[in-house]
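I have placed the structure first, in the form of structure tokens, so that the comments after it can refer back to it.
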Amino acid sequence: MSWSADPEFAALFHAEMRERLGSLESGLMELEAHAGTAVPRDLLKPLQRDIHTVKGTARMAGADEVVATAHRLEDVLSAVADGRVPISRLVVDVMLAAVSALVRLLPGESAPLAAGTLADVTAALGGVLAGDDVVSAPSVRTDGPVVAAEPVAVG
């Protein structure tokens, strides 16, 4: 049975993903304050846990695009933690764009990603990992209006 065929599982999946992605977004914004300096490990560990949980939960649900994008973001966070990628505002902006894209990939989102947006985000994450000079973080475009998600009641 597909996860989307079970409304209760779909609601749990969506709620868990929104919680983890919200936590990740908040942590990345805090990380931006450390641009150009050594990043405290205690700041990175929760971010790494959040993205790992997003990836694992998406894998269980069969959300392959979420898995692939989360995996790439996890690679960037690992490279930051290992000192292979220095933290900068641009690197944080690329990671925040990835989080925005992940939110839009969730089932039931009212403003899904526009064509080509995921490829732009993935390419930017790859550029960060390769040490390319990323000119700017990709814009996360949608096919509809951006509407804040309503809280999901589970129970």
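Numbering-wise, the sequence shown is residues 449 to 603 according to the numbering used here. We treat Cβ as the ideally placed atom computed from N, Cα and C, and that holds for glycine. As the structure is a computational prediction, the values presented were derived from the model and not from experiment.
Is the beta carbon of residue i sitting closer than 7 Å to the one on residue j?
{"i": "ALA585", "j": "VAL533", "result": "no"}
{"i": "MET465", "j": "LEU554", "result": "yes"}
{"i": "ARG537", "j": "GLU480", "result": "yes"}
{"i": "ALA567", "j": "ILE535", "result": "no"}
{"i": "ARG552", "j": "LEU561", "result": "yes"}
Our contact map puts residue i next to residue j with C-beta atoms below 8 Å; I'd like the distance itself, whole angstroms only.
{"i": "ALA529", "j": "ALA518", "result": "Not quite, the Cβ-Cβ distance comes to about 16 Å (not below 8 Å), so this is no contact."}
{"i": "VAL515", "j": "LEU550", "result": "At roughly 10 Å, the Cβ-Cβ gap does not stay under 8 Å, so VAL515 and LEU550 are not in contact."}
Expressed to the nearest angstrom, what Euclidean distance is found between the alpha-carbon atoms of residue i and residue j?
{"i": "ALA597", "j": "LEU577", "result": "The pLDDT assigned to ALA597 is 36, lower than 50, so where the model puts this residue is not dependable; a value taken from the coordinates is nonetheless given after this. Distance between the alpha carbons of ALA597 and LEU577 is about 31 Å."}
{"i": "GLY556", "j": "VAL569", "result": "21 Å"}
{"i": "LYS503", "j": "LEU573", "result": "16 Å"}
{"i": "ALA453", "j": "GLY470", "result": "25 Å"}
{"i": "VAL595", "j": "THR501", "result": "With a pLDDT of 35 at VAL595, under the threshold of 50, the modelled position of this residue cannot be trusted; read the value that follows with caution. The alpha-carbon atoms of VAL595 and THR501 are separated by roughly 25 Å."}
{"i": "ASP498", "j": "VAL588", "result": "21 Å"}
{"i": "ALA463", "j": "ASP490", "result": "25 Å"}
{"i": "PRO455", "j": "THR565", "result": "28 Å"}
{"i": "ASP604", "j": "ASP580", "result": "One cannot answer for residue 604 here, as it falls past the ends of the chain, which runs 449 to 603."}
{"i": "ALA458", "j": "ALA509", "result": "9 Å"}
{"i": "GLU467", "j": "SER558", "result": "17 Å"}
{"i": "LEU492", "j": "ALA571", "result": "23 Å"}
{"i": "ALA563", "j": "PHE461", "result": "24 Å"}
Between the Cα of residue i and those of the options, spot the shortest distance and give me the residue it belongs to.
{"i": "VAL547", "options": "GLY531, ALA563 and LEU525", "result": "LEU525"}
{"i": "ALA527", "options": "SER474, VAL487 and PHE461", "result": "VAL487"}
{"i": "ARG520", "options": "GLY531, GLY510, GLN496 and ALA509", "result": "GLN496"}
{"i": "THR485", "options": "GLY531, SER558, GLU467 and PRO455", "result": "GLY531"}
{"i": "GLU522", "options": "ALA511, ALA509, GLY510 and PRO494", "result": "PRO494"}
{"i": "GLY575", "options": "ALA559, VAL539 and SER558", "result": "VAL539"}
Report yes or no: is there a C-beta of chain D within less than 7 Å of the C-beta of residue i?
{"i": "PRO560", "result": "Reference to chain D is not applicable here, since this structure consists of a single protein chain."}
Ordered list of alpha helix (DSSP H) runs contained in the region 519 to 600, each at least 4 residues: 537 to 553 and 565 to 578
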